[in-house]
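Novice: Numbering (the numbering used here), first residue to last: 8 to 196. We treat Cβ as the ideally placed atom computed from N, Cα and C, and that holds for glycine.
Below, the structure is given as structure tokens:
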């Protein structure tokens, strides 16, 4: 994705073109799903299936991922909330000092000099460790139970791959609708 495609409402996307163009067969994502199919043994819950589909579609398993995350966000993952039930989306967002009520006099997150993005959503990295640094990261958790995750298909083949892509599409839409505004609120303060 280019820097102009990221915004406050788009924090994740599917890069289907890259997936198809770089595949040895039909899809890189399908090949990775085949490789991690054993993790689905006994899974019949849409939340667990969606979390598995997301984990396979994201780094570090796929690099670059079938699901891309806006460069200024450390990670977004999908997990199952076993206490409350259902899926949850979790974002790890680096927070710059200017967003804090009390600003420490120390180094802050620095712009990644090797990042390929321009504009306001550039990747960050830890500063030099030669002096004090205060690095703040917010963890945002939103319930994802209303995002319409499909029922799992547990047999290897086109139906499984299609169902995994449907889960990814529902999760991307839900993350951008429900999680992106919370991330934007953090950056606007």
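Between residue 52 and residue 98, what straight-line distance do the alpha-carbon atoms span, to the nearest angstrom?
Specialist: Near 22 Å, if we compare the C-alpha coordinates of residue 98 and residue 52.
Novice: Taking only three categories from DSSP, how would you classify residue 190?
Specialist: Of the three classes helix, strand and coil, the one that applies to residue 190 here is helix, per DSSP.
Novice: State the Cα-Cα distance for the pair residue 17 and residue 153, rounded to the nearest angstrom.
Specialist: C-alpha separation (whole angstroms): 19 Å.
Novice: Output the distance between the C-alpha atoms of residue 28 and residue 104, rounded to the nearest integer angstrom.
Specialist: Approximately 40 Å between the Cα atoms of the pair.
Novice: So is residue 35 buried or exposed if we call it buried at 16+ other beta carbons inside 10 Å?
Specialist: Per the 10 Å Cβ criterion, buried.
Novice: Does the contact criterion of 3 or more C-beta pairs under 8 Å hold for the segment 133-141 versus the segment 75-86?
Specialist: No, because fewer than three Cβ pairs between the segment 133-141 and the segment 75-86 fall closer than 8 Å, the two stretches do not touch.
Novice: Sorted by chain position, which residues of the same chain lie with C-beta nearer than 7 Å to residue 158's C-beta, five sequence neighbours on each side aside?
Specialist: Result list for residue 158: 53, in chain order.
Novice: Is the Cβ-Cβ distance between residue 145 and residue 102 less than 9 Å?
Specialist: Yes, the pair counts as a contact, with Cβ atoms nearer than the cut-off.
Novice: Cutting at 6 Å between CB atoms, please list the residues of its own chain near residue 147, excluding the five before and the five after it.
Specialist: Closer than 6 Å at the Cβ level, and outside the excluded window around residue 147, lie 98, 189.
Novice: Decide if residue 169 is buried, meaning its Cβ has at least 16 other Cβ atoms within 10 Å, or exposed.
Specialist: So residue 169 counts as exposed.
Novice: Going by DSSP in three states, residue 162 sits in which element: helix, strand or coil?
Specialist: Of the three classes helix, strand and coil, the one that applies to residue 162 here is coil, per DSSP.
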